[in-house]
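Heads up: the sequence lines are chains A and B, in that order.
The first sequence stops at residue 532 when you use full-length UniProt numbering, and every number in between is there.
The second sequence stops at residue 426 when you use full-length UniProt numbering, and every number in between is there.
Note that the Cβ used here is the ideal one computed from N, Cα and C, for glycine as well.
This structure is a prediction, so every number in the text was calculated from the model and none was measured.
Comments concern the structure below.
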Amino acid sequence: MSQTESQDIETATTSLQTTSVAPDNKTRRYDRQLRLWASSGQAALESSKILVISGSGTSASVLKNLVLPGIGHFTILDPHKVTEADIGSNFFLETESVGKYKAEEEVRLLKELNDGVEGVANTSDLATILKNDPTYLTSFTLLIAHNLHPELLEQLSSLLRSDPFHPPLIVVRSAGFLAEFFIQFHEHTIIDSHSETPPSLRIDKPFPALLDHALSLDLSKLDPTDHGHIPYIVILVKAAHEWKASHDGRVPKTTEERKEFKKYLQSLRVKADEENFEEAEAQAYRVWAVTNVPSEISSLFNDPILANLTPTSPPFFHLLAALKTYTEKEPHTLPLSATLPDIKSDTTNYIHLQNLYKRRAEEEKEEFTKILVANPVQPQTPIDKGLIDEFVRNSHGLKVLRGEKWRAVDQDSARLKEASQSYPSHTAIHLAFSAMAALELKGVQVDHTTPAEDLKSEAAKIYGPFEEIEEEIDNAIAELLRAPNADLPTTAAFLGGLVAQEAIKIITKQYVPVKGYCVIDLISSTTSVIGA
Amino acid sequence: MSVASPLSPLPGRHYHVDQILDRPGPRTDPAFVPGETPKTFLREQSKILVIGAGGLGCEILANLALSGFNDIHVIDMDTIDISNLNRQFLFRPKDVGKPKAIVAAEFIMRRVPGVKVTPYFGKIQDKDEDYYLQFNIIICGLDSVEARRWINATLVNMVDPENGESMKPLIDGGTEGFKGQARLILPTITSCYECSLDMLNKPTAFPICTIANTPRLPEHCIEWASVLEWPRVHGDKKMDTDDPEHIGWLYKIASARAKEFNIEGVTWALTQGVVKNIIPAIASTNAIIAASCCSEALKIVTTCAPYINNYMMFIGTESVYTYTFEHEKRPECPVCGGETIDISVGKEWTVERLIEVLVERQDIQIKKPSLSTSTKQLYLQAPKQLEQATRPNLGKLLSELVEEGDQITVTASSLPFNLSLRVTYV
Ligand SMILES: [Zn+2]
Chain A
1 MSQTESQDIE TATTSLQTTS VAPDNKTRRY DRQLRLWASS GQAALESSKI
51 LVISGSGTSA SVLKNLVLPG IGHFTILDPH KVTEADIGSN FFLETESVGK
101 YKAEEEVRLL KELNDGVEGV ANTSDLATIL KNDPTYLTSF TLLIAHNLHP
151 ELLEQLSSLL RSDPFHPPLI VVRSAGFLAE FFIQFHEHTI IDSHSETPPS
201 LRIDKPFPAL LDHALSLDLS KLDPTDHGHI PYIVILVKAA HEWKASHDGR
251 VPKTTEERKE FKKYLQSLRV KADEENFEEA EAQAYRVWAV TNVPSEISSL
301 FNDPILANLT PTSPPFFHLL AALKTYTEKE PHTLPLSATL PDIKSDTTNY
351 IHLQNLYKRR AEEEKEEFTK ILVANPVQPQ TPIDKGLIDE FVRNSHGLKV
401 LRGEKWRAVD QDSARLKEAS QSYPSHTAIH LAFSAMAALE LKGVQVDHTT
451 PAEDLKSEAA KIYGPFEEIE EEIDNAIAEL LRAPNADLPT TAAFLGGLVA
501 QEAIKIITKQ YVPVKGYCVI DLISSTTSVI GA
Chain B
1 MSVASPLSPL PGRHYHVDQI LDRPGPRTDP AFVPGETPKT FLREQSKILV
51 IGAGGLGCEI LANLALSGFN DIHVIDMDTI DISNLNRQFL FRPKDVGKPK
101 AIVAAEFIMR RVPGVKVTPY FGKIQDKDED YYLQFNIIIC GLDSVEARRW
151 INATLVNMVD PENGESMKPL IDGGTEGFKG QARLILPTIT SCYECSLDML
201 NKPTAFPICT IANTPRLPEH CIEWASVLEW PRVHGDKKMD TDDPEHIGWL
251 YKIASARAKE FNIEGVTWAL TQGVVKNIIP AIASTNAIIA ASCCSEALKI
301 VTTCAPYINN YMMFIGTESV YTYTFEHEKR PECPVCGGET IDISVGKEWT
351 VERLIEVLVE RQDIQIKKPS LSTSTKQLYL QAPKQLEQAT RPNLGKLLSE
401 LVEEGDQITV TASSLPFNLS LRVTYV
């Protein structure tokens, strides 16, 4: 590139007061994922510490998918040495690894994937740590355990369940083509769930500046080009206002009236092919679809924490309390979103409309902030502006998930029965795994010679009489006993992807993680979530 | 027991895979003979082709090698970019700029004992039927629709009813962010890639008049810079979307235009995203889809379990959701169906209008179609002389050139097949 052109860039940059420098190497490396979870998600990943228990092929697959996007730290806890069998199911071991510590070899080869990630091998055993140093375990952000003996798993899950500030645990089990995982967490709040439902444009409840703008236009006086460029939002607000004026203040209600309203819209056209009027007609339902607080959000207002809000409650709940008060006032909606979809319009009209929305969104955010600081219970440390902004912007997609202890579902046969009605074969696979764990708790080493009847009677103790899912149970147990100790590379890779995705969702608090057991059957190439 | 052969050093390493080959499961076909037969076929006789050594390709190669496929071929025409390193785990910073196929093949052979990976650094179109006939299965991990349509059509055309071996199962995976799909295509038997074109997300195309006259979004300004300003200022010089200086230029021009129109939101990342048509990609989703593809390959080659019929969709944004179903053949699929597509044409339509309609149709997806009938050429995109000779037809009414019920053959250089249209005037 020539000298003059580079200077041009510089001049342009200065005049625009934006950075036009090419992104640095780290941003370039992470470009494809930053488009999914942005720098806030990346920062959360980079400050996370993950403990993976067992150095199996599945564990390595999970870690590969977490080291690549750049978690802060991982530790592999495994006291065993590498065997030939391990090499065959684990891409992060090599021929020369045989006889060395599995954790050390895996950490070495996984660290090659990303300089920015810290990796530590721990070759002591979990039982000792549980007994002597439980705070070591609770110091991580997230723990993941693959095919861990149920006795240790029980101790670990109880430890992590004992205090709401202890980290979540992902319990992973697999055998041959079958697998399942469960996330044990206390409470998981999500501000940015990346909801695919767009926020309301509030055409049915236009804010004053929007209504004024719409009414100020005299469509009949516009020249045909301008007429074809009025955004449909403005057309609908205006048309609805006029309709209401001649219909006792009511919006079109009956099918007849709605047809009539659309006819009225058609009559406003000056040319047959005005695309903005086509859009207005297609979007006409927005005039009579009432914008109120979506039920998924208003149901959050009944959260027990809101009733007992204290200064130490998480900021999310202080914000939620403010949102509740906000929606109790006119116009009984969530704060307006500043984002406008692309619609048929010319630049001037579109930008003008966009500015109206932006200004109003800003005003409503201020209103929200006033309520927040006037909450009778105030948070220990004031909530910063960035978080308020994020909360308001994403208020239509807020989520609160409450988890439960690993195995809680197995103590509730009514829920298992319910799951078996929708997902019989996946519920049966889950029961087969639970039965296997029950046998292991009795000291049985399950292998392919273990009688199917032994597993079946354990499964019956959990579920009760099998009735209509007997065939599924037989199939699941037979498939499990075919390869009860096989860490199949393809199953490991599949699980590795799923579990890493869940870990990313838990750590970034973006997107929505699984609640319940996610059961995987790679013979039918299907998955289900049961006991949610 | 494992097969001891020169191809399989460390026989103990097959411990895990052997468990599903030594015993059938309840859903295994009764014809399955456990033990040596499937092991020998998998490890010593089967030959598998992987198309693409990118995000999916790296995962596929590693899975296949661990599963016991010892004769793997891989094709990829790309070289390694720094933005690949967040997921393409066979590559390191020192490999940036090198051919993906070669680096990936060498890595797999270094890591997994006994496996042979043969790379080809080039285009799939360089290879002929004889090449594709040597494989038992072909797995595709591509991000290009065009390349997929090409391999799909090639494999469907290759099927010789007299010769069962000419039918090559094609396993295709694709991802976008937290979503993806894996499917099995048995050419001529199941639905093919072309049958499902309408399931693709419609690519966001901005009308040229919006870009030129009524920009509203930052994307419109970026398109203005790349589609209109670049050729105006740089003439024939090709835009290289991997060249940061070119992106920098586009960013500068787009920013200036955005400022002029009071449009906010032009950033470097967005500029690059729009001009490169970047699709978000992460290792975990690639792992899921690649694993599904390889699991199916293992089941097909060994018959140790039934294979998928024939499509799995995965969505990980909200909980885990998969949907496995039989995607059905489309009788008018231009590749595997062969029925003529009936098209209703307005009496006032010009040839140009028909071309516009074809380009927009989601089930056809053709970029620069050439049109002809059995007796005349309506419009040809190339060569230059014929384009010039047929250009006057663009403005003519179709009804003056083609009788009702006549067939129009549509071709495009990017597609290895023809489309047949039957016209009805309305
Ligand atoms: Zn087809």
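Asked: Have a look at B:Pro244 and B:Ala269 and give me their C-alpha separation to the nearest angstrom.; Found: 11 Å
Asked: Of all Cβ atoms in chain B, is any one closer than 8 Å to the Cβ of A:Gly88?; Found: yes
Asked: Which value, in whole angstroms, describes the spacing of the CA atoms of A:Thr19 and B:Tyr251?; Found: For A:Thr19, the predicted model reports a pLDDT of 48, less than 50, meaning its position is unreliable; a value from the coordinates is still stated below. Each residue's Cα considered, the two are about 10 Å apart.
Asked: Under 7 Å, CB to CB, which of the residues in the stretch 51 to 76 of chain B have a partner in chain A?; Found: Glu59, Ala62, Asn63, Leu66 and Ser67
Asked: Can you find the residues in the same chain that come closer than 6 Å, C-beta to C-beta, to A:Phe92, ignoring five residues on each side of it along the sequence?; Found: Ala60, Glu106, Leu109 and Leu110
Asked: Listed from N- to C-terminal order along the chain, which residues in the stretch 290 to 323 of chain A have their beta-carbon within a distance smaller than 8 Å of any beta-carbon of chain E?; Found: Protein chains A and B are contained in the structure displayed, whereas chain E is not.
Asked: Which of the three DSSP states is assigned to A:Ala428 in this structure?; Found: helix
Asked: Of all the CB atoms in chain A, is at least one closer than 8 Å to the CB of B:Glu248?; Found: It should be pointed out that residue 248 of chain B corresponds to Gly in this sequence rather than to Glu. B:Gly248 counts as touching chain A.
Asked: Assign B:Gln388 to one of two classes, buried (16 or more other C-beta atoms within 10 Å of its C-beta) or exposed (fewer than that).; Found: exposed
Asked: Quick one, which of A:Glu367, A:Ile50, A:Lys344 and A:Tyr357 has its alpha-carbon nearest A:Tyr326's?; Found: A:Glu367
Asked: Under 8 Å between C-beta atoms, does A:Ser425 make it to chain B?; Found: no
Asked: Mind listing, in chain order, the continuous beta strand (DSSP E) runs of no fewer than 3 residues lying wholly within the UniProt domain "E2 binding" (343 to 426) of chain B?; Found: 370 to 372, 377 to 379, 407 to 411 and 419 to 425
Asked: Taking the alpha carbon of A:Thr310 as the reference point, which residue from A:Thr381, A:Gln283 and A:Ile297 has its own alpha carbon closest?; Found: A:Thr381
Asked: Report yes or no: is there a C-beta of chain A within less than 8 Å of the C-beta of B:Met1?; Found: Residue placement at B:Met1 is flagged as unreliable, the pLDDT there being 40, under the threshold of 50; a coordinate-derived value is accordingly withheld.
Asked: Using 7 Å as the cut-off, classify the Cβ of B:Val335 as near or not near the heavy atoms of ligand 1, replying yes or no.; Found: yes
Asked: Taking the alpha helix (DSSP H) that A:Phe317 belongs to, which residues open and close that run?; Found: Pro315 to Glu328
Asked: Is B:Val148 near ligand 1, in the sense that its beta carbon is under 7 Å from a heavy atom of that ligand?; Found: For the sequence presented, residue 148 of chain B should be read as Arg rather than Val. B:Arg148: no, Cβ never under 7 Å from ligand 1.
Asked: Which residues in the same chain have their Cβ closer than 6 Å to the Cβ of A:Ile191, if we skip the five residues on either side of it in sequence?; Found: Glu390, Phe391 and Asn394
Asked: Just mark A:Ala272 as buried or exposed, buried being the case when its beta carbon has 16 or more other beta carbons within 10 Å.; Found: exposed
Asked: Since B:Leu142 meets chain A, which of its residues come closer than 8 Å, beta carbon to beta carbon?; Found: In chain order: nothing, as chain A lies at least about 16 Å away.
Asked: Is the CB of B:Pro6 under 8 Å away from at least one CB in chain A?; Found: Unreliable positioning characterises B:Pro6 in this predicted model, as indicated by a pLDDT of 45, which lies under 50. A coordinate reading is not provided.
Asked: In chain A, which residues lie less than 9 Å from B:Asn277 when you measure between Cβ atoms?; Found: Neighbours of B:Asn277 on chain A: none; closest Cβ ~12 Å, over 9 Å.
Asked: In this structure, how does DSSP classify B:Lys116 when only helix, strand and coil are distinguished?; Found: strand
Asked: Scan the UniProt domain "THIF-type NAD/FAD binding fold" (30 to 127) of chain A and note each continuous alpha helix (DSSP H) run of 4 residues or more that stays entirely inside, going in chain order.; Found: 31 to 46, 57 to 67, 84 to 89 and 102 to 111
Asked: Keeping to the same chain, check which residues put their C-beta closer than 7 Å to that of B:Gly337; ignore five residues upstream and five downstream.; Found: Lys329, Arg330 and Pro331
Asked: May I ask whether a heavy atom of ligand 1 can be found less than 7 Å away from the beta carbon of B:Cys195?; Found: yes
Asked: Identify each residue in the stretch 13 to 37 of chain B for which the Cβ-Cβ distance to at least one residue of chain A is less than 9 Å, and report them in chain order.; Found: Arg13, His14, Tyr15, His16, Val17, Asp18, Gln19, Ile20, Asp22, Arg23, Pro24, Gly25, Pro26, Arg27 and Thr28
Asked: For B:Asn86, go through chain A and note every residue whose CB falls closer than 7 Å to its CB, in chain order.; Found: Arg29, Tyr30, Arg32, Gln33, Leu68 and Pro69
Asked: Helix, strand or coil for B:Pro11, going by three-state DSSP, please let me know.; Found: helix
Asked: Mind pulling the chain A residues with CB within less than 8 Å of B:Ala287?; Found: Ser61, Lys64, Asn65, Ala493, Phe494, Gly496, Gly497 and Ala500
Asked: Quick one: is B:Phe261 near chain A, going by C-beta distance under 8 Å?; Found: yes
Asked: Three-state secondary structure (DSSP) at B:Asn163?; Found: strand
Asked: The stretch 316 to 347 of chain B: which residues have C-beta closer than 9 Å to a C-beta of chain A, in chain order?; Found: Gly316, Thr317, Glu318, Ser319, Val320, Tyr321, Thr322, Tyr323 and Thr324
Asked: Touch check for the stretch 177 to 190 of chain A and the stretch 511 to 518 of chain A: three-plus C-beta pairs under 8 Å?; Found: yes
Asked: Is there at least one non-hydrogen atom of ligand 1 closer than 7 Å to the beta-carbon of B:Arg183?; Found: no
Asked: In chain A, what lies closer than 8 Å to B:Arg111 by C-beta?; Found: Phe91 and Glu94
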